[in-house]
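Structure, as structure tokens:
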Ligand SMILES: Nc1ncnc2c1ncn2[C@@H]1O[C@H](COP(=O)(O)OP(=O)(O)OP(=O)(O)O)[C@@H](O)[C@H]1O
Ligand SMILES: [Mg+2]
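Protein chains in written order, with this note's numbering: chain A, 214 to 584; chain B, 5 to 293.
Structural data, given as structure tokens:
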């Protein structure tokens with residue numbers, strides 16, 4: 214495969230600060246023109262990784278290639294990777310025009326080129342009339358777009374974004390998510406987006422890397438991460454899930470039967486390393502796969518078990534109902550006193566489940582992911 | 005109405021000590037001085053009002069030469085202090101770690117704990133003909149005869165810088181401290197060289213601190229008395245010496261008061277010109293640093 218198909222490649226990147234391994238053997242390739250997210254909890258090394266790509270930290274080992282060429286010996290101001298900082302870092306002593314022109318001036322562009330480029334990029338971020346404004350006269354979302362425009366005016370190979378939505382309020386975040394994706398499409402530049410918010414990563418990205426304690430746990434499309442996680446960490450971090458840990462009682466054919474600490478016996482399928490009897494497992498079930506069984510099943514099967522062929526079923530009582538339109542959720546307290554989350558569709562009719570009702574929860578064995 | 009009346013009262017109470025201080029210690033003496041400066045002695049105990057003291061000043065080249073010299077030297081001291089203070093402030097605010105920052109800042113404050121007089125005598129001890137520097141240079145064999153380092157302009161400038169550099173560092177550190185490191189990194193990331201980042205980002209951002217520091221340093225230097233006298237001797241020709249001379253030696257308070265006013269007007273003019281040139285306003289610099 215031709216290497217220049219990739220805008221950005223990292224090979225075995227490692228960086229430690231004293232005893233802290235901030236980034237530990239990270240490798241990935243980002244194809245040209247894609248939206249790539251790095252998702253991980255606070256302190257896992259995301260910013261450190263990004264600062265190495267931008268050139269503000271030098272790796273202890275490994276290589277960084279942009280368009281197939283190693284940039285380890287290139288100083289930060291010569292790398293064609295631009296960065297949108299967490300607090301945007303717009304220059305308050307310059308107006309919008311000067312902010313965008315700064316980079317072009319550094320590249321030695323002529324006055325007329327600068328003028329057309331600034332006007333062009335402002336047009337593309339849909340803010341054609343703000344060139345003369347001071348930075349403090351912009352709204353949060355406008356600042357965001359100017360910060361992106363300032364980078365895009367320089368035609369970077371890769372645009373790095375370090376949690377740029379972190380400082381915005383919830384409503385604006387939601388709007389900017391979609392906007393960022395649209396901007397990426399429009400500029401057709403590779404975006405590397407850092408976040409600790411899994412919903413941001415899933416919504417916007419073509420590919421997501423899940424990072425934990427300096428290592429990449431998994432790289433894949435949002436669908437792969439959600440439905441085929443390779444580790445307990447990914448399963449727990451990406452998307453909502455009910456989680457149990459238990460002891461394996463029987464294994465056959467990739468299927469695992471296990472008993473939780475509270476005494477529930479459940480069946481699942483093995484997603485991680487193979488398990489043997491008496492191993493400990495972590496099991497995850499997404500709330501949307503858990504259904505309320507129909508009435509006759511409730512009557513014949515009152516104890517926890519797996520009588521229904523190929524399904525786990527547990528009985529319990531609805532503790533509370535979290536109404537959120539189509540995404541409403543039930544919290545069911547099962548007989549062993551745990552809370553299980555299940556998604557339901559509420560129609561507003563008389564058949565809707567209500568708090569205090571006794572119900573039985575059913576889900577297929579295949580949807581119990583064991584690690 | 006009640007609320008705004010209460011607020012007014014609060015404001016009034018807060019403002020009173022400030023107003024008293026300004027009124028009693030600053031405005032009143034200056035008004036007195038101004039009136040004094042307009043008086044002239046025509047015969048013993050007979051005074052007339054007029055501008056004679058000021059005309060005297062203009063007509064005597066020694067006086068206004070000294071004033072100009074003081075102004076130029078003070079500007080030189082201000083510029084040199086800025087050149088020395090800026091890297092130090094930058095180091096304290098941006099490069100030193102969190103813990104060493106406090107220690108370094110404190111270190112800068114140490115000279116303030118010693119009185120002006122003692123500090124100047126310290127310099128004298130080092131620099132006089134029989135002083136530490138001269139002696140050690142002799143013993144190393146670099147010079148044959150003792151050298152007098154005191155009583156020249158360079159020593160005066162150095163001594164003044166030493167006395168005032170702190171007043172440059174403090175406002176600079178506080179403005180640079182408020183600058184997000186991201187901003188500097190963004191400057192590099194967008195393609196700026198070290199020089200570009202310094203010139204286009206760091207200095208403009210620190211401008212309020214730079215101007216505030218320069219104003220304070222210039223005023224302190226132009227109005228200083230002890231350091232130029234002790235380190236420069238009679239040669240230093242600092243304008244404050246002329247004022248002292250008029251008041252104490254010649255016992256000519258009227259002329260001394262006029263000189264005081266000339267100095268005040270002159271320094272104010274220089275500060276105003278400096279603000280105009282740097283495009284800053286007094287409120288923007290004082291508010292930000
Ligand atoms: N300059 C530094 N010196 C020492 N340790 C550092 C330094 N920078 C980062 N670290 C450590 O490296 C680890 C990763 O930090 P990093 O800033 O990359 O995390 P992050 O994933 O960006 O977290 P967040 O989501 O909170 O921003 C942390 O444990 C941090 O304490
Ligand atoms: Mg971070």
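Backbone N, C-alpha and C define an ideal beta-carbon position, used for all residues, glycine too. Keep in mind the model is a prediction, meaning the values are calculated, not measured.
Per DSSP, the continuous alpha helix (DSSP H) segment holding residue 136 of chain B begins and ends at 136 to 144. Scanning chain A for C-beta atoms nearer than 9 Å to the C-beta of residue 152 of chain B yields nothing, as the closest lies near 48 Å away. Taking 8 Å as the cut-off between beta carbons, the residues of the region 345 to 373 of chain A near chain B are 363, 364 and 367, in sequence order. For residue 255 of chain A, the distance from the CB to the nearest heavy atom of ligand 1 is below 7 Å.
Nearest CB-CB separation between residue 256 of chain B and chain A: not below the 8 Å threshold. Between residue 260 of chain B and residue 54 of chain B, the alpha-carbon positions lie close to 15 Å from each other.
The continuous alpha helix (DSSP H) containing residue 192 of chain B extends over residues 185 to 193.
In the three-state DSSP reduction, residue 331 of chain A falls in the helix class (H, G or I).
In this structure, DSSP gives residue 432 of chain A an extended state, which the three-state scheme calls strand. Residue 260 of chain A has its Cβ nearer than 7 Å to a heavy atom of ligand 2. Membership of residue 47 of chain B in the beta strand (DSSP E) is indicated by the continuous run 43 to 47. Judged by beta-carbon spacing, residue 241 of chain A lies beyond the 8 Å limit of residue 419 of chain A, meaning their Cβ atoms are not closer than that value. Under the criterion of beta carbons closer than 8 Å, residue 172 of chain B and residue 89 of chain B qualify as touching, at roughly 4 Å. Within chain B, the C-beta atoms nearer than 8 Å to that of residue 289 of chain A come from 189, 192 and 193, in chain order.
Residue 449 of chain A carries a helical assignment under DSSP once its states are collapsed to helix, strand and coil. The beta-carbon of residue 400 of chain A is placed no less than 8 Å from the nearest beta-carbon of chain B. No residue range can be given for residue 239 of chain B, since it is assigned to no alpha helix (DSSP H) and is classified by DSSP as neither H nor E.
Taking a beta-carbon distance threshold of 8 Å, residue 295 of chain A counts as an interface residue toward chain B.
Flagged as an interface residue toward chain B: residue 302 of chain A, by a C-beta distance shorter than 8 Å.
Residue 471 of chain A: member of the beta strand (DSSP E) spanning 468 to 473, first to last residue. Distance from residue 315 of chain A to residue 307 of chain A at the Cβ level is roughly 7 Å; contact confirmed, criterion being Cβ atoms closer than 8 Å. Two segments are said to touch when three or more pairs of C-beta atoms, one from each, lie closer than 8 Å; by this definition the region 271 to 287 of chain A does not touch the region 323 to 334 of chain A. For the C-beta of residue 209 of chain B, the chain A residues within less than 7 Å are, from N- to C-terminus, 306.
Residue 175 of chain B: member of the alpha helix (DSSP H) spanning 157 to 181, first to last residue. Pairing residue 495 of chain A with residue 456 of chain A gives a Cβ-Cβ distance under 8 Å.
Contact of residue 204 of chain B with chain A by beta-carbon distance below 7 Å involves 315. Residue burial is scored here from C-beta neighbours: residue 259 of chain A has at least 16 other C-beta atoms within 10 angstroms and is therefore classed as buried. For residue 339 of chain A, not one C-beta of chain B is nearer than 8 Å to its own C-beta.
Assignment of beta strand (DSSP E) within the region 373 to 418 of chain A, counting only whole runs of 3 or more residues, yields 403 to 408 in chain order.
Take residue 116 of chain B, set aside five residues on each side of it, and the residues of its chain with a beta-carbon closer than 7 Å to its own are 170, in chain order.
DSSP places residue 343 of chain A outside both helix and strand once states are collapsed to three, so it counts as coil.
Contact holds between the region 349 to 362 of chain A and the region 295 to 306 of chain A, because three or more Cβ pairs, one in each stretch, are under 8 Å apart.
Residue 231 of chain B is a Cβ neighbour of residue 160 of chain B, given a cutoff of 8 Å. Look at residue 361 of chain A here: in three-state DSSP terms it is helix. Secondary structure note for residue 66 of chain B: its alpha helix (DSSP H) is the uninterrupted segment 65 to 94.
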